[in-house]
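Asker: Here it is, the structure in full.
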Amino acid sequence: MQHPKHERTYVMVKPDGVRRGLTGEIIKRIEQRGLKIVALKMFQAKKEQIDNHYPKDETWIARLGKKTLSTYEKYGFDPIAELGTKDELTIGKMVRAWLVDYMVSAPIVKIVVEGVHAVDMIRKLAGNTQPSLAEMGTLRGDYSVDSAASANRDKRAIYNLLHASETAEEASHEIGYWLSPEDVCEYKRMDE
Ligand code: GDP
Ligand code: MG
3 MQHPKHERTY VMVKPDGVRR GLTGEIIKRI EQRGLKIVAL KMFQAKKEQI DNHYPKDETW
63 IARLGKKTLS TYEKYGFDPI AELGTKDELT IGKMVRAWLV DYMVSAPIVK IVVEGVHAVD
123 MIRKLAGNTQ PSLAEMGTLR GDYSVDSAAS ANRDKRAIYN LLHASETAEE ASHEIGYWLS
183 PEDVCEYKRM DE
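As numbered in the working numbering, the sequence shown has no gaps in its residue numbers, which increase by one up to the final residue, 194.
Structure below.
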């Protein structure tokens, strides 16, 4: 097992974060927490790159569809009237496509973060996927107002400022996908 001090995670400032000038704020909160940034780059992603970043397995896609369906149920919207189907997988594919369009709509910033329980700590700093449910004090809670109900109606992904790996496995896969080993720097923070 890896030492918790050296866990790495993958973060991307999404197009809304970049276009709202929140890149610095996101970096600041990561650094002030004591987590170490070991790689950083702004770039314009291509559709194919994003398409390969998000999982393609049906379990992941169906989960995305299920989340969307549960929002329709909660707020009393009819998925058939809104999207023409109530099939989890079909809806998951639609949301995934909205997500790809969103992620190539402007530059994004890739960041590798290292530190104690980095994966869970960054998820905590980010807050709930839906900004309307994210606690105050989290990035999504402090700086965004979107919800699934609103995004689904507009047929677009939820705008929630940043991507953050959910598990250590996802993190290591994403870091390997987006960066070469020489892109990741090794150094000690003064407080280490
Ligand atoms: P995350 O790990 O918190 O970013 O959330 P997920 O991995 O579940 O979903 C990936 C991204 O898809 C989210 O960050 C949102 O931008 C978008 N998304 C997730 N669920 C929904 C949904 O129900 N509706 C819409 N329109 N977008 C969604
Ligand atoms: Mg996710």
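We put the CB at the ideal spot given by N, CA and C, even for glycine.
#1: Is Arg147 helix, strand or coil by DSSP?
#2: Does DSSP put Thr11 in a helix, a strand or coil?
#3: Using a strict less-than 6 Å threshold between each residue's beta carbon and the heavy atoms of the ligand GDP, what residues do you get?
#4: At 4 residues or longer, what runs of the alpha helix (DSSP H) sit wholly inside the stretch 92–176?
#5: Do you know whose CA, among Gly117, Trp62, Ser146, lies nearest Lys16's CA?
#6: Give me the DSSP bridge partner(s) of Lys38.
#7: Compare the beta carbon distance of Val111 and Lys43 with 9 Å and say whether it is the shorter of the two.
#8: DSSP on Lys43, reduced to helix/strand/coil?
Answerer: With the given structure in hand:
#1: It is Val, not Arg, that sits at residue 147 in the sequence shown. DSSP places Val147 in coil when its eight states are reduced to three.
#2: strand
#3: Going by the Cβ distance cut-off, the answer is Leu66, Lys69, Thr70, Thr73, Val97, Trp100, Leu101, Thr131, Ala150, Ala153, Asn154, Ala159, Ile160, Asn162, His165, Glu168.
#4: For the stretch 92–176, whole alpha helix (DSSP H) runs of length 4 or above, ordered along the chain, are 120–128, 141–145, 150–155.
#5: Ser146
#6: Glu116
#7: yes
#8: In the three-state DSSP reduction, Lys43 falls in the strand class (E or B).
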